[in-house]
Each structure stands twice: as C-alpha cells, then as structure tokens.
Amino acid sequence: MALSEILVAVVVTLVLLALYKYVINPQIVIPAGKGSPCPDQWLFNVGSGMCEPQYTTECRPFDPKTPTLQTPEAKCNLAHTCGTDWPANCP
Numbered sequence: 000m001a002l003s004e005i006l007v008a009v010v011v012t013l014v015l016l017a018l019y020k021y022v023i024n025p026q027i028v029i030p031a032g033k034g035s036p037c038p039d040q041w042l043f044n045v046g047s048g049m050c051e052p053q054y055t056t057e058c059r060p061f062d063p064k065t066p067t068l069q070t071p072e073a074k075c076n077l078a079h080t081c082g083t084d085w086p087a088n089c090p
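Under numbering that gives the first Met the number 0, the sequence shown has 63 at position 64, and the numbering climbs by one with no breaks.
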C-alpha cells in the first residue's frame, strides 16, 4: 500500500466521522418527566384523586392538583413536612 492510499483512507475516514458528528448529530433525547403525582411512600388513589400515605404519619391525604401545590417548592415543602421526599421536585 502506497503512502498516498493510506492518506486518502485517513482523510475519507475523518470526513465521514465529521459528517456523522456534525451533520447527522446523533444524540439521545430524554424528555424531562414530571415525576410522580405523589411524594415517596404515598400512592395516588384513582378513585378519590388523592395522594394517600403508606406509612404512619400525621399528614392527611391530599389532592395533588390543589392550586397551592403547583410549584416544586410547595411540593417539596409538603413532602419534607410529612417526613418524606418528592423526587423531581426537591433538589
């Protein structure tokens, strides 16, 4: 194999890699999820539309769609008050 053939092969390979990286641009897109409608250790009751605790707590079942629980901060505060966490809402 001559030196010119090796150089052509290297150049063609680099061009193909550049096309793949910058033109085709492969990437995995994972859409951001909203997370669970209820905090950890709470289950959503479809019949009542309420989040219900699965452990002993003084916190009462609540409607996750209530207007006062529309921000991640409010959801995180509620979860921490009830002694648990709410993934995707608590940093």
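Every residue, glycine too, gets a C-beta built ideally from N, C-alpha and C.
Just so we're clear, the structure is a prediction, and the values are computed from it rather than from any experiment.
Which residues mark the beginning and the end of the beta strand (DSSP E) in which residue 42 is found? 41–44
Rounded to whole angstroms, what's the CA-CA distance from residue 79 to residue 69? Just pull it up for me. 16 Å
Taking only runs that begin and end inside the stretch 4–87, name each unbroken alpha helix (DSSP H) of 4 or more residues, in chain order. 71–80
Just checking my contact of residue 35 with residue 86 at CB under 8 Å: how many whole Å lie between their CB atoms? 7 Å
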